[in-house]
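Working notes, beginning with the structure itself.
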């Protein structure tokens, strides 16, 4: 059991910190002062306090491995500051600094074997410099994403979780060097070198630098379209290539395709028996989705998922491989395993930012159905904003699986109640 602080002490401590840290309405210039007509530095910020109470029901055979039974609880309070600084005058004109520090206290009763959601003290922190001609270079801890996929991006093995799975939790960045430049009037090229921050897995050789090159073209005339090409690998991952395409069909419908291919998913350690995903033959994974966007802002999407790196029947019986495959021991850590255990899935997802025609109510819901064997995972989150300064969230999820896949569903039910307060 993890326990950083008792729940009774969480709320007063971080409320005090939020009040002390939040600038007043008269302090719009709180980051830097100026000595002339135009400020050398300008800033934007967002300060949020999140309070959350979670309850989870564990898969019964897994819950016997610890003394807490099959029900676990977690209480947490997290103070989040998102700060962006921009230089507007020479010699640093075009420089941007992004800092996202986090302060969190929690009381977590879950088993040590489960991923720890305690956030990194710095979710993101990087320096970006824009050069003449539109080129950009930067360094630091950064989160990046692209593509039309709804749940995970096949071409982004550095960040397999795009945040949709656990919307109340931060996805922290990873240390990297990055650069981008204009290649045509519609396209940009991007290059990054990153530490993938992979946790060890038996039989997989991890370590070294992850490298990725990406080019993207955008069309905004008439019907909007995006086309991208990706090549990456290293740091434990096999070299891979991929691409994505998204195209608007009229005013409401959009189609999206994203896929990648490689000879195995991750590097097999010397002398080890390769996992099914790492056998040295070409295979691919990808998604195809169709979305409908209403004028109210609501969107519903259907996505078909193919995973050519599916686990073998033997691996599906091993909870250290089948349960939350790509999740590492913490939010900024991952494992060099494909996020999905099965080969075929269908995903139905809907978001309603103005539920009941009122912007204060919102709803997000999804159903992920495994098509090879009986398994499903459903999630719904209802939100309500009593004012512009606070939002309350109620989230519910349920997972089911047949005998062959039961080890892949360590949490069978969960619920949370959260409050986000904005300062």
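Numbering (mature numbering (1 follows the signal peptide of the UniProt record, and there is no 0)), first residue to last: -25 to -1, 1 to 398.
The beta-carbon is built from N, C-alpha and C at its ideal position, and this holds for glycine as well.
With a cut-off of 8 Å on Cβ pairs, the stretch 166 to 184 is not in contact with the stretch 334 to 344, counting fewer than three such pairs. DSSP, read as helix, strand or coil, puts residue 264 in strand.
When beta bridges are read from the DSSP output, residue 318 appears opposite no residue. Under a 10 Å Cβ-count criterion, residue 125 is classified as buried, with 16 or more other Cβ atoms of the shown protein chains found around its own Cβ. Residue 288 sits in a helix when the DSSP states are folded into three classes. Cβ contact annotation for residue 141 (same chain, cutoff 8 Å, sequence separation greater than five): 92, in chain order. Taking all protein chains shown into account, residue 238 has fewer than 16 neighbouring C-beta atoms within 10 Å of its C-beta and is therefore exposed. Excluding residues up to 5 positions away in sequence, nothing lies with its Cβ nearer than 8 Å to the Cβ of residue 289 in the same chain. In the DSSP annotation of this structure, the continuous segment of the alpha helix (DSSP H) that includes residue 296 starts and ends at 294 to 297.
Looking at the backbone, the Cα of residue 329 and that of residue 360 are separated by about 11 Å.
The Cβ neighbour count for residue 384, taken over all protein chains shown within 10 Å, is at least 16; the residue is labelled buried. Taken atom to atom, the span from the alpha-carbon of residue 98 to that of residue 375 is near 32 Å.
Around the C-beta of residue 135, 16 or more other C-beta atoms lie within 10 Å, and the residue is accordingly described as buried.
The three-state reading of DSSP puts residue 383 in helix, counting H, G and I together. Nearest neighbour of residue 67 by Cα position, chosen from 127, 395, 107 and 100, turns out to be 107. For residue 150, the uninterrupted beta strand (DSSP E) segment begins and ends at 149 to 157. Residue 294 places its beta carbon 8 Å or farther from that of residue 179.
Within the model, the alpha-carbon separation for residue 377 versus residue 298 is close to 14 Å. It is roughly 13 Å from the alpha-carbon of residue 245 to the alpha-carbon of residue 211. The Cβ neighbour count for residue 331, taken over all protein chains shown within 10 Å, is under 16; the residue is labelled exposed.
Take the alpha-carbon of residue 339 and the one of residue 50: they are about 23 Å apart.
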